[in-house]
Amino acid sequence: MAANQGERTRRRLSTEERREQLLAVGARLFSESPYDEVWIEQVAEIAGVSRGLLYHYFPTKRDFFAAVVERESERMLRMTAAVPGVAVREQLAAGLDAYLEYVEAHAHGYRAFHRADAAGDQAVRTVYRRALAAQEKQILAAMAADPEFGAAFEERPDVRLAVRGWLAFTTAVCLEWLRDSELSREQVRDLCARALLGVIAP
1460 MAANQGERTR RRLSTEERRE QLLAVGARLF SESPYDEVWI EQVAEIAGVS
1510 RGLLYHYFPT KRDFFAAVVE RESERMLRMT AAVPGVAVRE QLAAGLDAYL
1560 EYVEAHAHGY RAFHRADAAG DQAVRTVYRR ALAAQEKQIL AAMAADPEFG
1610 AAFEERPDVR LAVRGWLAFT TAVCLEWLRD SELSREQVRD LCARALLGVI
1660 AP
């Protein structure tokens, strides 16, 4: 009887809901432990599903971790999307506020996303680096649309390198902030904003 009840409970989730549940569990586990120390059986047990069902959604552990990384990347890109027609300087504080709110609310997923580059699997690292490239492209596009900077600004190699470095800086700051920091969210926001404006100011 208990087994049948468990089967009925599992069927209540739609395909998309189940996939989201598995990815959420994965984000937590990968944020707490290195890639090699997370077992698919552990994910399945926490989610209350069979290992076979998990493999139905994600054929390999690599596929599963890559999906976790992509999920977190997409969420961060949506949170920090530029608003057309609004100056970069005006958007920066609001964008960082949204970003830091996400970091606090989804700390497990954020850590998992940034663990990806340390994963030994080249395919997973490729997914991570593609995600960072998308963030870089989003920032550069916002600058190109701003008359203060202009389209030519986006093409400058020094600007691209500066934005890439700023993303690494912001990541390091946020990860340290999550560990143990005396700074408030507002202080972290202002620190990151000053850092970006300092390197891109015309």
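In the numbering used here, the protein residues as written are 1460 to 1661. Built from N, CA and C at the ideal position, the CB exists for glycine as well. Owing to the predicted nature of the structure, the values given are computational and were not obtained by experimental measurement.
Measuring CA to CA, which of the options is closest to residue i?
i: A1601; options: I1499, V1484, V1622, R1588; result: V1622
i: G1609; options: V1647, L1620, A1660; result: A1660
i: R1619; options: A1483, I1598, R1648; result: I1598
i: E1635; options: V1542, V1583, E1563; result: E1563
i: E1531; options: K1520, P1518, Y1561; result: Y1561
i: L1655; options: E1504, A1603, L1555; result: L1555
i: C1633; options: E1607, G1568, P1543; result: G1568
i: A1604; options: V1547, L1642, A1503; result: V1547
i: T1630; options: L1591, Q1646, V1658; result: L1591
i: S1490; options: L1637, V1542, R1644; result: L1637
i: P1493; options: T1519, C1651, A1652, D1580; result: D1580
Given that a residue counts as buried once 16 or more other Cβ atoms are within 10 Å of its Cβ, and exposed if not, what is residue i?
i: H1565; result: buried
i: D1639; result: exposed
i: A1486; result: buried
i: A1578; result: buried
i: V1545; result: exposed
i: D1617; result: exposed
i: Q1583; result: Contrary to the premise, residue 1583 reads as Val rather than Gln in this sequence. Classification of V1583: buried, given that the 10 Å Cβ count is 16 or more.
i: V1586; result: buried
i: A1540; result: exposed
i: A1461; result: Annotation note: pLDDT 45 at A1461 (below 50); position unreliable, no value reported.
Could you round the C-beta distance between residue i and residue j to whole angstroms and report it? I think they count as a contact, below 8 Å.
i: A1506; j: L1481; result: 6 Å
i: Y1514; j: R1478; result: Not confirmed; about 13 Å, so no contact.
i: Q1648; j: L1559; result: Correcting the residue identity first, residue 1648 is Arg in this sequence and not Gln. So it is a contact: roughly 6 Å between Cβ atoms.
i: V1528; j: V1502; result: With 8 Å as the limit, V1528 and V1502 do not qualify as a contact, their Cβ atoms being about 15 Å apart.
i: R1595; j: L1626; result: The identity of residue 1595 in the sequence shown is Glu, whereas the question assumes Arg. The Cβ separation is near 6 Å, so the contact holds.
Can you find a heavy atom of the ligand FMN that lies under 7 Å from the Cβ of residue i?
i: P1543; result: The ligand FMN is not part of the structure shown, which contains no ligands of any sort.
Three or more C-beta pairs under 8 Å: does that hold for the segment 1534-1541 against the segment 1559-1575? By the Cβ criterion, the segment 1534-1541 is in contact with the segment 1559-1575, since at least three pairs of Cβ atoms, one from each stretch, lie closer than 8 Å.
Any 3 or more C-beta pairs closer than 8 Å across the segment 1520-1528 and the segment 1604-1615: With a cut-off of 8 Å, the segment 1604-1615 and the segment 1520-1528 do not count as touching, because too few Cβ pairs lie within range.
Sufficient close CB pairs (3 or more, under 8 Å) joining the segment 1497-1504 to the segment 1542-1561: Contact fails: fewer than three Cβ-Cβ distances are below 8 Å.
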